[in-house]
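Notes to accompany the following structure.
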Amino acid sequence: MDLSAHPNVVLLEHPLLKHKISILRNKLTPTSEFRPVVKEIAMMEAYEALRDLPTVPTEIETPIEKTVQPMVVGHNLCFVPILRAGMGMVDGFTELIPTAHVGHIGLYRDEATHEPHEYYCKLPKGLEDMEVYLLDPMLATGGSGIDAIKMLRKHGAKHIHFVCIIAAPEGVEAFCEANPDVPLYIGALDRQLNENAYICPGLGDAGDRIFGTQN
Numbered sequence: 055m056d057l058s059a060h061p062n063v064v065l066l067e068h069p070l071l072k073h074k075i076s077i078l079r080n081k082l083t084p085t086s087e088f089r090p091v092v093k094e095i096a097m098m099e100a101y102e103a104l105r106d107l108p109t110v111p112t113e114i115e116t117p118i119e120k121t122v123q124p125m126v127v128g129h130n131l132c133f134v135p136i137l138r139a140g141m142g143m144v145d146g147f148t149e150l151i152p153t154a155h156v157g158h159i160g161l162y163r164d165e166a167t168h169e170p171h172e173y174y175c176k177l178p179k180g181l182e183d184m185e186v187y188l189l190d191p192m193l194a195t196g197g198s199g200i201d202a203i204k205m206l207r208k209h210g211a212k213h214i215h216f217v218c219i220i221a222a223p224e225g226v227e228a229f230c231e232a233n234p235d236v237p238l239y240i241g242a243l244d245r246q247l248n249e250n251a252y253i254c255p256g257l258g259d260a261g262d263r264i265f266g267t268q269n
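The sequence shown begins at 55 in this note's numbering and counts up one residue at a time.
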């Protein structure tokens with residue numbers, strides 16, 4: 055897939071990130087290891103996704119003297135995981151900025167049609183003035199991400215970013231067509247979707263592996 059046609063897409067290339075994603079892919083990786091690695095990956099992605107955060111000059115006092123230095127205003131940020139797999143990424147972001155707001159959007163995928171359906175939405179007030187970061191480990195068909203963006207816009211969000219760990223080309227195409235103005239950060243771009251709309255090679259069901267609910 056040629057990402058040059060999608061200037062809003064940022065493919066992260068750090069070798070440590072690739073290494074940790076490979077750990078997630080391994081079917082032998084247990085939940086006890088999978089969950090903290092998702093958090094570590096989210097933190098690494100957060101460094102890139104938060105690169106352009108605005109700062110405000112703030113007076114502090116060092117052991118030597120008073121000085122004015124840049125500080126991030128955390129209450130102007132909101133991290134929104136798509137339930138339930140997105141919950142695995144929240145701690146990685148909030149560990150960097152613990153003062154950020156956290157909202158939640160619940161979507162489930164119809165097993166027959168692969169279409170997303172909303173079942174929960176709880177977002178903070180004042181979303182229109184915040185930088186909003188939507189979090190979901192997998193971008194497969196793109197349906198959940200597209201619907202979540204619509205929900206965020208409905209609640210007033212104007213500055214939205216989407217961060218995922220693994221994406222399929224089909225999902226990237228669909229998401230970018232619907233939201234060319236939303237920056238999309240991905241840790242790995244995989245080959246394709248299979249007939250069940252799972253990413254190949256992927257890592258299976260991220261929610262099941264994060265929460266240990268595999269059959």
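Heads up, the beta-carbon is just placed ideally off N, CA and C, and yes, glycines get one too. Since the model is a prediction, treat every value here as computed from it, not as a measurement.
- Remark: C-beta atoms of L238 and F265 do not approach each other more closely than 8 Å.
- Nearest to L193 by alpha-carbon distance, out of I240, H171 and T153, is I240.
- Residue pairing for H171: DSSP places it in a beta bridge opposite Y162.
- Taking the Cα of A232 as reference, the smallest distance to any Cα among G196, P108 and D183 is reached at G196.
- Residue environment: Y174 is assigned as exposed (fewer than 16 neighbouring CB atoms within 10 Å of its CB, all protein chains considered).
- By the Cβ-count criterion, S198 is buried, with 16 or more other Cβ atoms from all chains shown falling within 10 Å of its own Cβ.
- In the three-state reduction of the DSSP assignment, V92 falls in the helix class, which pools H, G and I.
- With contacts defined as CB atoms closer than 8 Å, L257 and R79 qualify as a contacting pair.
- A Cβ-Cβ separation of about 19 Å leaves I203 out of contact with I220 under the 8 Å criterion.
- Under DSSP, T121 shares a beta bridge with I114.
- Every unbroken stretch of the alpha helix (DSSP H) spanning 4 or more residues and falling wholly within the region 179-238 is given here in chain order: 197-208 and 223-232.
- The C-alpha of C230 lies about 18 Å from the C-alpha of E169.
- Sequence-distant Cβ neighbours of A100 in its own chain, meaning closer than 7 Å and more than five residues away, are G146, F147 and L150.
- Non-local beta-carbon contacts of K74 in its own chain, meaning distances under 7 Å to residues more than five positions away in sequence, involve V91, E94 and I95 in chain order.
- Here the alpha carbon of A154 sits roughly 14 Å from the alpha carbon of P108.
- By the Cβ-count criterion, R263 is buried, with 16 or more other Cβ atoms from all chains shown falling within 10 Å of its own Cβ.
- In chain order, M98 and G241 place their CB closer than 6 Å to the CB of L71, counting only its own chain and leaving out the 5 sequence neighbours on each side.
- A Cβ-Cβ contact shorter than 8 Å links C132 with P178.
- DSSP places P69 within a helical segment (H, G or I) once states are collapsed to three.
- Taking a C-beta distance under 8 Å as the contact criterion, E182 and K212 qualify as a contact pair.
- Going by DSSP, I264 is part of the alpha helix (DSSP H) stretching over A260 to F265.
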